[in-house]
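**Student:** If you scroll down you'll find the structure; I have some questions about it.
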Amino acid sequence: MSSISTLFGLSAANGDPKFMLAEYLIANILLSHTLSSARILKVWFGIDNHVSPRDDLARFGPRAVLEGHLTQSHLDMLRRNEAAHANSLDHLPVLAAALILAKVAGIPAADINYVGLMYTLARIAYVGNYVLSASLLGASLRPVLWWTANVLCLKLIWRAGKAFN
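Be aware that the sequence shown starts at 160, since it is given in this note's numbering, and climbs by one per residue.
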């Protein structure tokens, strides 16, 4: 049976671990487009509109609060959810660039996979914190998580740049 370390590409039973660029990219694409999407919650609260989904909260949210279909705190959470989703989509190219540059530069698979795993965990925590933290104290962790993901990618890009020279 494989160890957790082998499963995530940090080590291998024999030799070097395999590169898991595709796995980490696909996982983060799916996380960015599904986990962070407000669609499921908007359907749950009955304010989802496929005709103009980007306007759902602005057009139907306040009326849904007035009619008692959802609370103001739920509407605020949905707004944070949409912001987390947009941030996830915006940040995805940073990971893709870092992983691809590192592979081309010959950075060891374990190092690239480590960044892929830590980035994924940081982004899951970031989205969860963004959606669920309604207080300033709770939200104060968000920049730490955002910068964690950023620094992981920037360090990998930096290492790739040094390897190219």
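Glycine included, each C-beta is placed from N, C-alpha and C at the ideal position.
What separation, rounded to the nearest whole angstrom, lies between the Cα atoms of ALA322 and LYS262?
**Tutor:** Taking the straight line from one Cα to the other gives about 11 Å.
**Student:** What's the C-alpha gap between ALA284 and ARG222?
**Tutor:** Looking at the two C-alpha atoms, the distance is approximately 31 Å.
**Student:** Could you tell me whether the Cβ atoms of TYR289 and ALA245 are closer together than 8 Å?
**Tutor:** Cβ atoms of TYR289 and ALA245: not closer than 8 Å.
**Student:** Along the chain, where does the alpha helix (DSSP H) that runs through GLY320 open and close?
**Tutor:** Its alpha helix (DSSP H) spans residues 301 to 323.
**Student:** What's the C-alpha gap between VAL274 and LYS177?
**Tutor:** Roughly 14 Å between the two C-alpha positions.
**Student:** State buried or exposed for SER162, treating a residue as buried only when at least 16 other CB atoms are found within 10 Å of its CB.
**Tutor:** Exposed, because fewer than 16 other Cβ atoms sit within 10 Å of the Cβ of SER162.
**Student:** How close, in whole Å, do the beta carbons of THR307 and ALA281 come, if the pair is a contact with beta carbons under 8 Å?
**Tutor:** Contact flag correct, Cβ pair sits at about 4 Å.
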